[in-house]
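What the sequence shown shows, in mature numbering (1 follows the signal peptide of the UniProt record, and there is no 0), is residues -25 to -1, 1 to 719, in sequence order.
Glycine included, every Cβ here is placed at the ideal spot set by N, Cα and C.
Note that the structure is predicted; figures quoted are calculated from it, not measured.
Here is the structure we will look at, set down as structure tokens.
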Amino acid sequence: MKINIKIINLALVLPMFAITAPASADPLDAAQGVILRNTPDHADQFILEQIPEVDGRDVFEIDIDHSKDKIILKGSSAVAISSAYNWYLRYVANCNISWCGTQLDLPAKLPQSDETIRKESPYKHGYYLNYCTLNYTMSFWDWSRWEKELDYMAMQGIDLALAPVGVEAVWQETLKNYNFTDEEIKEFICGPSFFAWWLMGNLEGWGGPLPQDWINEHVVLQKKILARMRELEIEPVMPAFYGMVPNKLREKYPSADIRSQGGWAGGFKRPAFISPTDPLFAKMASTFYSEQKELFGTCKYFSGDPFHEGGSTAGIDLNQAGSNIMNAMHTVSSDAVWVLQGWHNNPRDALMANVPKEKTLILDLDCDNRPQWAHRNGWKGKPWSWCMIHNFGGNTGMFGRMEVVATEPVKALNAANGGNLVAIGAIPEGIETNPVIYELLWDMRWRSQTPDMVDWTNKYAHRRYGKDLPETARAWQALRTSIYGKPMTKPSQQGTSESIICARPAKQINKVSSWGTSKIYFDPQEVFAAWEDMLAAADQLGDVDTYRYDLATITRQVLANFAQPVHKRMIVAFEAGNQEQFKRWSDRFLKLLDDQDRICSTRSEFMLGPWIAEARTWGRTPQQKDLHEFNARTLITTWSYRNSNLHEYAHREWSGLISDFYKPRWQMFIKELASQLEGNPARKINYYAEFEKGWTQQTKSYPETPQTDTVTVAREIHSRYEQFIKSVYNFSSPSDKTNSSLAP
């Protein structure tokens, strides 16, 4: 078959376009928009060309047009061409674009590759996003932030992404057809920080009532998001109607087969579930999909997970339920594909038994930690995606499994029982942390073999900072084998080793959140050594954005690690009844919190202020602004409406949160222990009732931009703690080695 090749020379078309991309479905125009938005001053040095895919999989090439002295980016789609552009920036120009800083130190004349680079993806798709990401990171994003993320998606090779923004409007319009009043609808739809768990059938109404202004404005936002996704050839995955309905529907349709689903974490009552075999299911599904299509257009991929993290299947014909859920999707899209999360015991085999294999995509969510594909028999031939959650709750700690991410997808591709592996994906609960892990994962989108990880890491350090320095290379090799070297062995670990700074105060702390751990699986001395190597490069890299982010987060991690031995010494002094030593160590602990807050204040990524300000920006009245701030504060602290097992699940080491939330709790704890040392009876502190609940209801602004210089603060912290940390990690007494500036 003859392929019609289309070519765009950006030097010819550049004057005709602003930085925003043209509203066109043409893949070359779409990729051109990505380049214009990210490197506008160099866009005229690229020629774009479309080439055929290989066996339904994307391919790209990077070449040189010697006659025109231009760089040719070839690809089989807008995503493939955008990926070629990103690969060029990384591996030829030694640049780095990430959530956490950008390094684009490009010469006027762009460097050219010595040879043609060609990458054929071993996967048909790159999948992105978790429902939880919608809230743990994206709750209050505007179009400007979404536009950057959509470019990021295209540049990584992501061509399939969850797109649930604005679905509250679909539910509102749907329920109007079933005798629900506006007030009843608002009792079902949750507040802006809790959509994810509402859509997954875990809770209803919490954080509301949602303002109509929010609903209306997010319809507009979603239309922009979907238009850009379709332009970039990123397939949106829209929420499905899978049976989740308001509990109040049982009152309105008492003869329908509507089941209670019991409770979820945090004390929440789940929404009800209408059996897919009941006639009302098909009717409501038809309404839901019609309203969704009316608002947001057609869609091929739909996401929905009955019985997510629990729920009752008693009395439900799962075989027929699966068929009916799938059939309902086909009423709106004849080629619909049902996307399901492989999580806990979902999707149940019986639910999928009668669903055509080619009409499903199963996301094996936690493959870098607890993969399911092997013991689920390769998902029995159904298309599936090797996915990585990595981040839980938006926690900020450094963490990752670089070796696992580089090797396990390759093993799955070549496994005899690997089944129909068609995609690789990132399903983080929160983003904007640990950029190296995601860069490696999306590198694997274009690799069928594991790279040499020593070489890959050295090149990462080079492009991350734009200079090839021995100090940063050493630092990154140390990080690779320590904090980013968590093996995929039991006991499995759900995300980062949690910082005890964020924990509810206690004498013994082994975790911050209910399902996490504060156990340190790596050698803190290796992270400390990496920190010192990074600091040694400050004179050469101090003005580089990516370096400043990395220096801030490594400094933050060193202090988080060191909080544990300081806390231990504070408690040892208390248990010994030594008031003088208790005061000494408790003062040191509080000073450490101050220093942690200060280093975090040097980067907006580690500041509470932007989170609160973005939440309030979406309000159109003072009452709406306050509601949004309540949602923002609650999600990252207590989570629930009561003292529950969800508290601190979404903890973060953020400036403002440390000084205004975590530190006051620790002061309460220390004051109580000091009182006991004075002979007073012990009193159990109810942190939720006495402090936390009230904090979530406050309204207060915090700085939104960095307050101090990262390098200056990191150097000061190093000077203050260097000898102290070294003495503690060498298991010698710190008493005569401690820097005097730490003394109370």
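Residue nearest to residue i in terms of C-alpha spacing, selected from the options
| i | options | result |
| --- | --- | --- |
| Trp361 | Gly132, Val541, Ser298 and Tyr102 | Tyr102 |
| Asp525 | Ser235, Asp80 and Glu407 | Glu407 |
| Phe636 | Phe699, Val502, Ile574 and Asp569 | Asp569 |
| Thr262 | Glu148, Ser278, Cys165 and Ser634 | Glu148 |
| residue 747 | His17, Ala55 and Val34 | Since the first residue of the chain shown is -25 and the last is 719, residue 747 is not available in this structure. |
| Arg627 | Arg573, Gln672 and Ile476 | Ile476 |
| Asp4 | Glu208, Asp310, Pro254 and Pro384 | Glu208 |
| Phe503 | Ala450, Met545, Gly166 and Pro540 | Ala450 |
| Leu150 | Tyr264, Asp30 and Glu95 | Tyr264 |
| Asn299 | Lys275, Arg531, Ala328 and Asn320 | Ala328 |
| Ala448 | Asn433, Tyr459, Ile458 and Leu454 | Asn433 |
| Ser250 | Leu185, Leu326, Ala83 and Gln483 | Leu326 |
| Gly317 | Asp310, Pro346 and Ala513 | Pro346 |
| Asp253 | Glu192, Glu623 and Ser230 | Ser230 |
| Tyr440 | Gly166, Met419 and Leu516 | Leu516 |
| Ala55 | Gly132, Leu23 and Cys70 | Gly132 |
| Ile412 | Ile458, Gly394, Trp181 and Leu567 | Ile458 |
| Trp560 | Val541, Ala551 and Pro139 | Val541 |
Own chain partners of residue i with C-beta closer than 8 Å, once the 5 adjacent residues on each side are dropped
| i | result |
| --- | --- |
| Ala349 | Ala390 and Asn392 |
| Lys223 | Phe155, Glu159, Glu162 and Phe163 |
| Cys342 | Trp348, Trp361, Cys362, Met363, Glu383, Pro384 and Ala387 |
| Ala453 | Glu501, Val502, Ala504, Ala505 and Asp508 |
| Trp239 | Trp172, Asn177, Leu178, Arg245, Glu284 and Gly285 |
Same chain, Cβ closer than 6 Å to residue i, neighbours up to 5 away in sequence not counted
| i | result |
| --- | --- |
| Gly76 | Asp520, Thr521 and Tyr524 |
| Tyr63 | Ile37 |
| Pro(-4) | In this prediction, Pro(-4) scores a pLDDT of 41, lower than 50, which makes its location untrustworthy; no coordinate-derived value is stated. |
| Asn344 | Ser467 |
| Ala260 | Phe216 and Ala303 |
| Ala53 | Pro2, Ala5, Ala6, Leu207 and Glu208 |
| Ser619 | Gly241 and Gly242 |
| Arg65 | Arg438 |
Beta-carbon proximity list for residue i, same chain, < 7 Å, skipping 5 on both sides
| i | result |
| --- | --- |
| Ala511 | Glu446 |
| Asn705 | none |
| Thr492 | Gln468, Ser472, Glu473, Asn485 and Lys486 |
| Ser287 | Arg234, Gln236 and Gly237 |
| Asp518 | none |
| Gly297 | Leu326, Met327, Ala328, Asn329 and Val330 |
| Gly31 | Lys99 |
Residue i vs residue j beta-carbon contact at 8 Å
| i | j | result |
| --- | --- | --- |
| Gly369 | Gly405 | yes |
| Arg617 | Gly242 | yes |
| Ser423 | Val385 | yes |
| Leu178 | Ala136 | no |
| Asn553 | Ser168 | no |
| Met175 | Asp280 | yes |
| Ser630 | Phe581 | yes |
| Val212 | Phe170 | no |
| Val703 | Ile574 | no |
| Met373 | Thr528 | yes |
| Ser88 | Trp421 | no |
| Ile611 | Ala625 | yes |
| His335 | Val307 | Residue 335 is actually Thr in this sequence, not His. Cβ distance not < 8 Å, so Thr335 and Val307 don't count as in contact. |
| His193 | Gly141 | yes |
| Gln571 | Leu534 | yes |
| Thr685 | Thr609 | no |
| Glu604 | Thr674 | yes |
Burial state of residue i (16 or more Cβ within 10 Å)
| i | result |
| --- | --- |
| Ser710 | Below a pLDDT of 50, predicted positions are generally treated as unreliable, and Ser710, at 38, falls in that range; the measurement from the model is reported next regardless. It is exposed - the Cβ of Ser710 has fewer than 16 other Cβ atoms within 10 Å. |
| Val429 | exposed |
| His41 | exposed |
| Gly50 | buried |
| residue 721 | Outside the shown range of the chain, which is -25 to 719, sits residue 721, and nothing can be said about it. |
| Asp134 | buried |
| Trp146 | buried |
| residue 723 | This structure leaves residue 723 out entirely; the chain is present only between -25 and 719. |
| Ala83 | exposed |
| Gly654 | exposed |
| Gln483 | exposed |
| Asn661 | exposed |
Taking only runs of the beta strand (DSSP E) that begin and end inside the region 396 to 432, which ones reach a length of at least 3 residues, in chain order? Entirely contained in the region 396 to 432, the beta strand (DSSP E) runs reaching 3 residues are, in chain order, 396 to 401.
List in chain order: all unbroken alpha helix (DSSP H) runs of 4+ residues lying wholly within the region 34 to 113. Correct list: 53 to 66 and 108 to 111.
Could you name each continuous beta strand (DSSP E) segment of 3 residues or more that falls completely within the region 181 to 205, going from the start of the chain to the end? Taking only runs of at least 3 residues, no beta strand (DSSP E) segment lies wholly in the region 181 to 205.
For the region 517 to 575, list the beta strand (DSSP E) runs that are entirely contained and at least 3 residues long, ordered along the chain. none
Taking only runs that begin and end inside the region 228 to 287, name each unbroken beta strand (DSSP E) of 3 or more residues, in chain order. 247 to 249 and 276 to 278
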